[in-house]
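*Asks:* Below you'll find the structure I mean.
In the numbering used here, the protein residues as written are 2 to 338.
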């Protein structure tokens, strides 16, 4: 389990990586808080701390660099909050040295048609305070039919989250399932407290969210590339934003790699990742890093156009012609605005 502060003596290769000097004081303060708190543990208490995870609340981050990390906690994915907790100091301390104003909100996603807590949302926080927020989540492990309530989550992001100083920040979703195509008025009223006149189109809502957020779906090793789940997510956020993870134990590394690459620090991230592996894993590590790098290099710049036929977001491209992931239309660029 990773610890707060600068100590990397328990890493596979001590002394081969050092966090930047810029945030040294903040890391030292977090290390002192952690020491006072005692050993890091993650105990699922059988339910969330609803005072901290109530999705009806409105969230605001004044940071230019907020990050939402959402995790499907149904079925086989219910242990993922614990996996992220294990690497929380690593996640925050690595990314915050690139952008010191980083703030993170954690979200647990279930199925609003059968789960008791299908959407759990923590406030934006930073440093050691993230421990309290992440511990508040509960991996319910339910889920009914295959689709999950990602659409309810998208509506929450669209209507309950304000980031006035951010320019298309990262929203990273860990999951393995498709989404319910619609969200009913009753679900929205019951779980979010919002009154709406008609059911929500989940895919359309994700398209709206993706205009404001750099949205990624990191899919655990299930299914096959190009299957119906991939197609649905591609129609919602764009095919290039759907990533098949080769190794779910490296899930946090995939997320960190995406952000580090976008922020111009991928070389430092690779050094960080290498320092955490023992000699036996060097070869597989190199393959994993290369896999992550290929995914990131293949991802284009933020979208700048919408399909003139269906309204879906289009990826930015240097080409003069592309095909819409959603409706299949051929689109000639640049579009007139």
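Glycine included, each C-beta is placed from N, C-alpha and C at the ideal position.
1) For residue 2, count neighbouring Cβ atoms within 10 angstroms of its own Cβ and tell me buried if that reaches 16, exposed if not.
2) Let me know if residue 181 comes out buried or exposed under the rule of 16 or more other beta-carbons within 10 Å of its beta-carbon.
3) Taking only the alpha-carbon atoms, compute the straight-line gap between residue 80 and residue 331 and give it to the nearest angstrom.
4) Leaving out five residues before and five after residue 223 in sequence, what residues of the same chain have Cβ atoms less than 8 angstroms from its Cβ?
5) Excluding the 5 residues flanking residue 21 on each side, which residues of the same chain have their C-beta closer than 7 angstroms to its C-beta?
6) What are the boundary residues of the alpha helix (DSSP H) that includes residue 90?
7) Go through its chain and collect everything with a Cβ distance to residue 68's Cβ below 6 angstroms, but skip five positions before and after it.
8) Tell me which residues share the same chain as residue 45 and place their Cβ nearer than 7 angstroms to its Cβ, disregarding the 5 neighbours each side in the sequence.
9) Is it true that the CB of residue 153 sits closer than 8 angstroms to the CB of residue 196?
10) Would you kindly report the start and end of the unbroken alpha helix (DSSP H) that includes residue 270?
11) I'd like the list of long-range same chain contacts for residue 253, defined as Cβ closer than 8 angstroms, with 5 residues on each side in sequence excluded.
12) Taking just the CA atoms, how far does residue 128 sit from residue 27?
13) Use the C-beta contact count for residue 328: other C-beta atoms within 10 angstroms, 16 or more gives buried, fewer gives exposed.
14) Pick helix, strand or coil for residue 303, following the three-state DSSP scheme.
15) Give me, in chain order, the residues of the same chain whose beta-carbon lies closer than 6 angstroms to that of residue 41; leave out the 5 immediate sequence neighbours on both sides.
16) For residue 262, count the other beta carbons within 10 Å of its own beta carbon; 16 or more makes it buried, fewer makes it exposed. Which is it?
*Replies:* Taking the coordinates as given:
1) Along the chain shown, read from residue 1 onward, the residue named residue 2 stands at position 1. It counts as exposed.
2) Locating residue 181 in the chain shown gives position 180, where the first residue counts as 1. Looking at its Cβ environment, which holds 16 or more other Cβ atoms inside 10 Å, residue 181 is buried.
3) Sequence index remark: in the chain shown, residue 80 carries index 79 (1-based). Sequence index remark: in the chain shown, residue 331 carries index 330 (1-based). Between residue 80 and residue 331, the C-alpha separation is close to 42 angstroms.
4) Counted from its first residue, the chain shown places residue 223 at position 222. Closer than 8 angstroms at the Cβ level, and outside the excluded window around residue 223, lie 177.
5) For the purposes of this step, residue 21 is taken as residue 20 along the chain shown, with counting starting at 1. Within the same chain, residue 21 has close Cβ partners 98.
6) Against the chain shown, residue 90 aligns to sequence position 89. From DSSP, the alpha helix (DSSP H) with residue 90 extends over 89-97.
7) Translated into positions along the chain shown, residue 68 becomes position 67. Cβ neighbours of residue 68 beyond the five flanking positions: 105 and 171.
8) In the chain shown, the residue the question calls residue 45 occupies position 44. Once the five neighbours on either side are set aside, the close Cβ partners of residue 45 are 139 and 140.
9) Here the question's residue 196 lines up with position 195 in the chain shown. Here the question's residue 153 lines up with position 152 in the chain shown. No. Outside cutoff.
10) By one-based count along the chain shown, residue 270 stands at place 269. Unbroken alpha helix (DSSP H) run through residue 270: 267-276.
11) Numbered from 1 along the chain shown, position 252 holds the residue referred to as residue 253. Around residue 253: 84, 85, 88, 91 and 92.
12) On the chain shown, position 26 is the one that residue 27 refers to. On the chain shown, position 127 is the one that residue 128 refers to. When rounded, the distance between both Cα atoms is 8 angstroms.
13) Taking the first residue of the chain shown as position 1, residue 328 is located at position 327. By the 10 Å Cβ count, residue 328 comes out exposed.
14) One-based indexing of the chain shown puts residue 303 at position 302. With a pLDDT of 46 at residue 303, under the threshold of 50, the modelled position of that residue is not reliable, and no figure is offered here.
15) Mapped onto the chain shown, residue 41 falls at position 40. Here the set comprises 2.
16) In the chain shown, the residue the question calls residue 262 occupies position 261. Buried is the call here.
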